[in-house]
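J.: Here the protein sequences come in this chain order: A and B. Mapping to this note's numbering: the first sequence position 116 is 160, numbers consecutive. Mapping to this note's numbering: the second sequence position 167 is 211, numbers consecutive. For every residue, glycine included, the Cβ atom is placed at its ideal position computed from N, Cα and C.
There are 2 protein chains.
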Amino acid sequence: MDEKEQLDHVRERVIETIANNMNLYGVTDSIGRLYGMLYFQNHPMTLDEMKEELGMSKTSMSTSIRHLLELKMVEKVWKKGTRKDLYKAEEDWHQTFIDLFTIKWRSGISMNISAMSRAIAELEKIIESEDLGEEVRTAAKTDIEKMNAALQYYEWLNRLVDSFESGKIFDFIPKENNKE
Amino acid sequence: MDEKEQLDHVRERVIETIANNMNLYGVTDSIGRLYGMLYFQNHPMTLDEMKEELGMSKTSMSTSIRHLLELKMVEKVWKKGTRKDLYKAEEDWHQTFIDLFTIKWRSGISMNISAMSRAIAELEKIIESEDLGEEVRTAAKTDIEKMNAALQYYEWLNRLVDSFESGKIFDFIPKENNKE
DNA sequence: CAGTACGTTCAGTTTATTCTGTACGTACAT
DNA sequence: ATGTACGTACAGAATAAACTGAACGTACTG
């Protein structure tokens, strides 16, 4: 068997594994495959080249790349002389991981925090009502407790994401493992 | 307006927010809603009660609960006297977060690590071939480099998940925030 | 000013996922 | 044993997501 073929075959298998893994990040297989392909390509690619390489429509390449751009897994590259847009894969996966978390989680967290806070305030107002059945008051109180617990969690999560974003997480879990 | 209604309304809104957020964890809306509902219910529930409460089929409840069980977001509760299965929501969200990560990521990580390792070994074997075009050799070498970088990332991720699973992450990011 | 080479929007189609109702198996009760 | 109450497998229907090709807008080219 030809070595070039072997090489391609190994590459493809690895790309498939990467794509598969990227499901965990909330990314579809085909977008994952696109990323994997770009990662092993040693030069930025145009949409047409991607389309060619993956045998998919240009539309798909366009939307997939946009998706990857939003997640900062891919960046646009400028090259004079060509009118086509060029894209390359972000190579630092630690950074990719962090960006992904930051982008996807941050807004969700803050939405939850504000929703919980608002809800707690409303429940506290309800509790103040004079004419209130005892069982309703108890229910409101336990709800408030649960929401406070949730709030505490979201704030913890926020601090976790902070430590990702600032890179401080690497003080705690270093990129290089010295231990073994 | 009746206070009981208000209470229910607030609760529902919060549940909706939670469900929405759980998308980030790779869980569908309706499963998220089921979890949220269970979280605010102050007693374990049967499948029939859930079905009633959410207005969905019992089949859905059964499969959704199984899903939540797998993620350890819900646990089965025993109560003598009834033949029905009872389920309650895991209340500690920090723990839930950790379990989720551990369960969903661990296997993916190790699959990737082994896939990468195997691929690297194969490429190194290819490089050893005497009759090998120079450009193929170079390509193989850069691929190996990229795979090594990926490997380093996965090992980092594994150590991160370790710190979640062991609870050591809380030494670094404490559950209670003392700072502000 | 055409003319061409791009990327992207949009509507329709295909494919995958979620949801439901019926049917089934098991375990307990009588 | 017979009946009943439960959870779940399974197949089909409803819903959502991914993918495509044609049409469009923009920007560069001659």
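For L167/A, decide whether its Cβ has a neighbour in chain B, counting only Cβ atoms nearer than 8 angstroms.
T.: Your numbering for residue 167/A matches position 123 in the first sequence. Answer yes: the Cβ-Cβ gap between L167/A and chain B drops below 8 angstroms somewhere.
J.: Give the residues from the segment 137-151 of chain B that approach chain A closer than 8 angstroms (Cβ to any Cβ), ordered along the chain.
T.: W137, H138, F141, K148, W149
J.: How would you call T72/A, buried or exposed, if buried means at least 16 neighbouring beta carbons within 10 angstroms?
T.: Here residue 72/A corresponds to residue number 28 of the first sequence, with the count starting at 1. The residue in question, T72/A, is exposed, as its Cβ has fewer than 16 Cβ neighbours within 10 Å.
J.: Determine the chain B residues that contact Y131/A at a beta-carbon separation under 9 angstroms, and present them in chain order.
T.: Here residue 131/A is taken as the residue at index 87 of the first sequence, counted from 1. Simply none; closest approach about 17 angstroms.
J.: Leaving out five residues before and five after I213/B in sequence, what residues of the same chain have Cβ atoms less than 7 angstroms from its Cβ?
T.: Residue numbering aside, residue 213/B sits at position 169 when the second sequence is read from its first letter. Excluding sequence neighbours, I213/B sits near S207.
J.: Report yes if the C-beta distance between E47/A and S173/B is below 8 angstroms; otherwise report no.
T.: Counting from one through the first sequence, the residue named residue 47/A turns up at place 3. Counting from one through the second sequence, the residue named residue 173/B turns up at place 129. In contact: E47/A and S173/B (Cβ atoms closer than 8 angstroms).
J.: Between which two residues does the beta strand (DSSP E) harbouring Y131/A extend?
T.: In the first sequence, counting from the first residue as 1, residue 131/A sits at position 87. Y131/A -> beta strand (DSSP E) spans 130-133.
J.: Beta-carbon within less than 8 angstroms of V118/B's beta-carbon, same chain only, minus the 5 sequence neighbours each way: which residues are those?
T.: In the second sequence, counting from the first residue as 1, residue 118/B sits at position 74. Once the five neighbours on either side are set aside, the close Cβ partners of V118/B are Y79, L82, I109, L112, Y131, K132, A133, E134.
J.: Let me know the secondary structure DSSP gives E119/A once reduced to three states.
T.: The count along the first sequence starts at 1 and reaches residue 119/A at position 75. In the structure shown, E119/A falls within a strand segment according to DSSP collapsed to helix, strand and coil.
J.: Against chain B, with Cβ distances strictly below 8 angstroms, would G211/A count as a contact?
T.: Taking the first residue of the first sequence as position 1, residue 211/A is located at position 167. Not closer than 8 angstroms to any Cβ of chain B, the Cβ of G211/A fails to qualify, so no.
J.: Are K116/A and T140/A touching if we call contact CB-CB under 8 angstroms?
T.: Counted from its first residue, the first sequence places residue 116/A at position 72. Counted from its first residue, the first sequence places residue 140/A at position 96. Yes, the pair counts as a contact, with Cβ atoms nearer than the cut-off.
J.: Give the list of continuous alpha helix (DSSP H) stretches no shorter than 4 residues that lie fully inside the segment 175-201 of chain A.
T.: Within the segment 175-201 of chain A, no complete alpha helix (DSSP H) run reaches 4 residues.
J.: Relative to the C-alpha of N202/A, which residue among I171/A, I147/A, E189/A, V58/A is closest?
T.: Along the first sequence, read from residue 1 onward, the residue named residue 202/A stands at position 158. The residue with the shortest Cα to Cα distance from N202/A is I147/A.
J.: For E97/A, which residues from the same chain have a beta carbon less than 7 angstroms from its beta carbon, with the 5 sequence-adjacent residues on both sides left out?
T.: Counting from 1 along the first sequence, the entry for residue 97/A is found at position 53. If the five residues before and after E97/A are omitted, its C-beta is found closer than 7 angstroms to the C-beta atoms of M81, all from its own chain and listed in chain order.
J.: Considering Cα atoms alone, identify which of Q85/B, G76/B, K102/B, S106/B is closest to K185/A.
T.: Locating residue 185/A in the first sequence gives position 141, counting from the first residue. Nearest C-alpha to K185/A: Q85/B.
J.: Assuming H111/B is part of the alpha helix (DSSP H), what are its boundary residues?
T.: Here residue 111/B corresponds to residue number 67 of the second sequence, with the count starting at 1. Its alpha helix (DSSP H) spans residues 102-114.
J.: Tell me the residue span of the alpha helix (DSSP H) that contains L82/A.
T.: To locate residue 82/A, count along the first sequence from 1; it is residue 38. Run containing L82/A: 73-84, per the alpha helix (DSSP H) assignment.
J.: Between which two residues does the alpha helix (DSSP H) containing N221/A stretch?
T.: The residue given as residue 221/A occupies position 177 in the first sequence. In this chain, N221/A is not harboured by any alpha helix (DSSP H), its DSSP state being neither H nor E.
J.: Can you round the beta-carbon distance between H138/B and Y198/A to whole angstroms, since I take them to be within the 8 angstroms contact cut?
T.: Within the second sequence, numbered from 1, the residue matching residue 138/B stands at position 94. Within the first sequence, numbered from 1, the residue matching residue 198/A stands at position 154. Not really, about 11 angstroms apart at Cβ, beyond 8 angstroms.
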